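Undergrad: Position in the sequence shown counted from 1, then plus 336, gives you the working numbering.
All C-beta atoms in this analysis are idealised placements derived from N, C-alpha and C, irrespective of residue type, glycine included.
Being a predicted model, the structure only gives us computed values, none of them experimental.
For reference, the structure I am asking about is given below.
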Amino acid sequence: MNPVPGIGERPSSHSAFGAHGSVLVINSGSSSVKYQLVNPVGGEAIASGLVERIGESSSLLKHTYGGNKTERTDPIADHGAALRAVLAVFEEVGPDLDEAHVVAVGHRVVHGGAVFSEPALVDDDVVAAIEEIAPLAPLHNPANLRGIQVARELLPDVPHVVVFDTAFFQGLPAAASTYALDHEVAQKHGVRRYGFHGTSHQYVSGKVARVLGRRLEDLNTIVLHLGNGASASAVRGGVAVETSMGMTPLEGLVMGTRTGDIDPAVIVHLHRNAGMSIDAIDDLLNRRSGLKGLAGENDFRELHNLVEAGDEAARLALDVYVHRLRKYIGAYYAVLGRVDVIAFTAGVGENDDIVRGLALQGLEGLGIAVDPERNAGRKSQPTIISPDWTRTLVMVVPTNEELAIARQALALVAPE
Ligand code: AMP
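Next comes the structure, spelled out in structure tokens:
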């Protein structure tokens with residue numbers, strides 16, 4: 337693999353991309369690579385894109401820069417080829433990565449185990465540690481690692497930083513992170529609650545304070561990250577004290593294709609009495625359940641259409657989803673004792689006023705309500721959607737995990 341020259345070398349003068357340069361953020365999945373070139377100071381995405389269906393004949397690369405969208409449909413065999421294709425499209429349609437003065441590559445890594453509570457500069461030891469944690473996240477960490485290894489080879493002159501989805505929750509109180517499982521078994525096999533979507537929960541809880549002009553230390557916030565994957569967190573004064581995902585991202589809220597909470601004895605039952613293999617059950621719980629399993633549809637836009645058309649399975653799926661969400665909101669109210677802000681974020685949280693309204697319906701007794709007019713429609717900016725009289729503010733705060741990763745990477749390679 338030929339390294340790309342120039343990147344990481346300081347240009348003679350500051351580029352048009354800002355004095356701090358830019359950060360290339362990479363999120364490498366099992367068959368996809370998403371990327372964004374971010375100005376970590378101004379906060380804007382300079383360019384972004386994704387490679388989908390890596391290893392299939394129908395691979396697709398989409399790249400957006402300066403309002404122009406470019407698509408490539410050449411087959412892409414592996415992650416190395418994917419990243420080379422991304423660098424080629426930067427060279428072809430821009431922006432020029434030399435001019436963008438890439439100061440770091442920020443990699444999203446799903447599982448940091450009990451090892452990583454902060455972002456880390458990538459070296460061989462860090463790679464080995466992520467490899468060691470891989471059994472805890474067999475779907476995610478190996479794919480993240482492939483992206484890191486390929487990017488290090490192609491961009492050897494720029495520092496690479498890993499930012500972990502679990503890091504924000506690494507300091508959860510032991511009462512929240514411990515499963516009531518035999519202590520020795522849990523200890524030996526790393527079985528504890530780690531939490532995920534941490535970059536988003538940290539970003540959103542911080543953004544709430546900045547938008548309101550309040551000190552982070554003074555705010556108790558419940559963050560509801562509702563995307564295809566979904567999680568809730570309770571954040572006291574900027575510190576996470578509870579979260580809904582556990583040892584893996586399967587626990588907690590109902591999700592697009594995941595069950596969320598389920599009696600673990602269901603797994604024993606399906607294995608013993610229905611003859612399902614462990615792999616088949618894994619697939620069932622992670623990919624064939626949730627809204628998809630209940631209603632055959634995991635996109636809320638379609639789900640609402642089905643509900644309106646009188647589809648009973650879709651109605652039940654919506655009810656189960658909202659019921660679980662309300663249970664968590666109530667639980668986190670009790671955990672925090674006082675809730676200043678409830679913040680909705682991610683695909684569903686930012687766009688779906690029906691889910692937001694239903695989740696908080698009937699909570700006036702707790703000082704929580706949603707104003708139907710303020711709630712209406714999609715929100716691309718931080719917005720207060722509660723009426724003026726409530727004690728708890730309800731907000732929609734768009735998440736930006738790429739920017740959060742870019743800023744953490746910059747802070748590590750160029751501390752102020
Ligand atoms: P994410 O994983 O954060 O990208 O969220 C993806 C999910 O957001 C989709 O599966 C939809 O359920 C939901 N979503 C996206 N756009 C809308 C919209 N305009 N209205 C309702 N739900 C939406």
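(1) Let me have the residue list for the ligand AMP: C-beta closer than 6 angstroms to any non-hydrogen atom, ordered along the chain.
(2) Mark valine 483 as exposed unless 16 or more other C-beta atoms lie within 10 angstroms of its C-beta, in which case mark it buried.
(3) Which runs of the beta strand (DSSP E) spanning at least 3 residues fall entirely within the stretch 422–483, listed in chain order?
(4) Determine the direct distance from the alpha carbon of aspartate 434 to that of leucine 642, and round the result to whole angstroms.
(5) Would you call the CB atoms of aspartate 554 and phenylalanine 532 closer than 7 angstroms?
(6) If you measure between the beta carbons of valine 486 and isoleucine 741, is that distance less than 7 angstroms?
(7) Using 10 angstroms around the beta-carbon of isoleucine 614, count the other beta-carbons present and answer buried if the total reaches 16, otherwise exposed.
(8) Note the first and the last residue of the continuous alpha helix (DSSP H) segment covering glycine 405.
(9) Tell me which residue opens and which closes the alpha helix (DSSP H) that glutamate 648 is part of.
(10) Taking one C-beta from the stretch 570–583 and one from the stretch 652–672 each time, how about it: are there three or more such pairs within less than 8 angstroms?
(11) Compute the distance between the beta-carbons of threonine 728 and glycine 693, then report whether it is under 7 angstroms.
(12) Taking the C-alpha atoms as reference points, what is the distance between alanine 747 and isoleucine 721?
(13) Tell me the DSSP secondary structure of phenylalanine 500 in three-state form.
(14) Find out if the Cβ-Cβ distance for the pair valine 439, valine 675 is shorter than 7 angstroms.
(15) In terms of alpha-carbon separation, which member of Leu652, Gly549, Gly379 and His496 lies closest to leucine 457?
(16) In terms of residues, what are the limits of the beta strand (DSSP E) holding threonine 579?
(17) Pull up the CB-CB distance for histidine 447 and tyrosine 530, whole angstroms please, since I reckon it's below 8 angstroms.
(18) Are the beta-carbon atoms belonging to threonine 406 and valine 429 less than 7 angstroms from one another?
(19) So, for threonine 726: in the same chain, excluding its five sequence neighbours on each side, which residues have a beta-carbon less than 7 angstroms away from its beta-carbon?
(20) By the 10 Å Cβ neighbour count, where 16 or more other Cβ atoms means buried, how is glycine 629 classified, buried or exposed?
TA: Working from what's here:
(1) Gly563, Asn564, Gly592, Asn634, Asp635, Phe636, Arg637, Ala682, Gly683, Val684, Asn687, Asp688 and Arg714
(2) The residue given as residue 483 occupies position 147 in the sequence shown. Checking the displayed sequence, the identity of residue 483 turns out to be glycine instead of valine. Burial call: buried.
(3) 438–445
(4) For the purposes of this step, residue 642 is taken as residue 306 along the sequence shown, with counting starting at 1. For the purposes of this step, residue 434 is taken as residue 98 along the sequence shown, with counting starting at 1. About 49 angstroms.
(5) Residue numbering aside, residue 554 sits at position 218 when the sequence shown is read from its first letter. Residue numbering aside, residue 532 sits at position 196 when the sequence shown is read from its first letter. No, these two residues do not count as a Cβ contact at 7 angstroms.
(6) Position 150 of the sequence shown holds residue 486. Position 405 of the sequence shown holds residue 741. For valine 486 and isoleucine 741, no; Cβs fall outside 7 angstroms.
(7) Here residue 614 refers to the residue found at position 278 when the sequence shown is read from its first residue. Label assigned to isoleucine 614: exposed.
(8) If you number the sequence shown from 1, residue 405 lands on position 69. In the sequence as displayed, the identity of residue 405 is lysine instead of glycine. No alpha helix (DSSP H) holds lysine 405; the beta strand (DSSP E) holding it covers 404–408.
(9) In the sequence shown, residue 648 corresponds to position 312, counting from 1. It spans 648–672 - the alpha helix (DSSP H) in which glutamate 648 sits, taken as one unbroken run.
(10) yes
(11) Locating residue 728 in the sequence shown gives position 392, where the first residue counts as 1. Locating residue 693 in the sequence shown gives position 357, where the first residue counts as 1. Cβ distance not < 7 angstroms, so threonine 728 and glycine 693 don't count as in contact.
(12) Start at 1 with the first residue of the sequence shown, and residue 747 comes out as number 411. Start at 1 with the first residue of the sequence shown, and residue 721 comes out as number 385. Going by the C-alpha atoms only, they are around 33 angstroms apart.
(13) Position 164 of the sequence shown holds residue 500. Strand at phenylalanine 500.
(14) Taking the sequence shown and counting its residues from 1, one reaches residue 439 at position 103. Taking the sequence shown and counting its residues from 1, one reaches residue 675 at position 339. No, these two residues do not count as a Cβ contact at 7 angstroms.
(15) Here residue 457 corresponds to residue number 121 of the sequence shown, with the count starting at 1. Residue His496 is the option with its Cα nearest to leucine 457.
(16) For the purposes of this step, residue 579 is taken as the residue at position 243 of the sequence shown. That run of the beta strand (DSSP E) goes 575–579.
(17) Within the sequence shown, the letter at position 111 stands for residue 447. Within the sequence shown, the letter at position 194 stands for residue 530. 7 angstroms between Cβ atoms; contact.
(18) Residue numbering aside, residue 406 sits at position 70 when the sequence shown is read from its first letter. Residue numbering aside, residue 429 sits at position 93 when the sequence shown is read from its first letter. Yes.
(19) To locate residue 726, count along the sequence shown from 1; it is residue 390. If we look at threonine 726 and ignore the five residues flanking it on each side, its Cβ neighbours are Gly703, Ile704 and Ala705.
(20) Walking along the sequence shown from the start, residue 629 turns up at place 293. Buried, by the Cβ-count rule.
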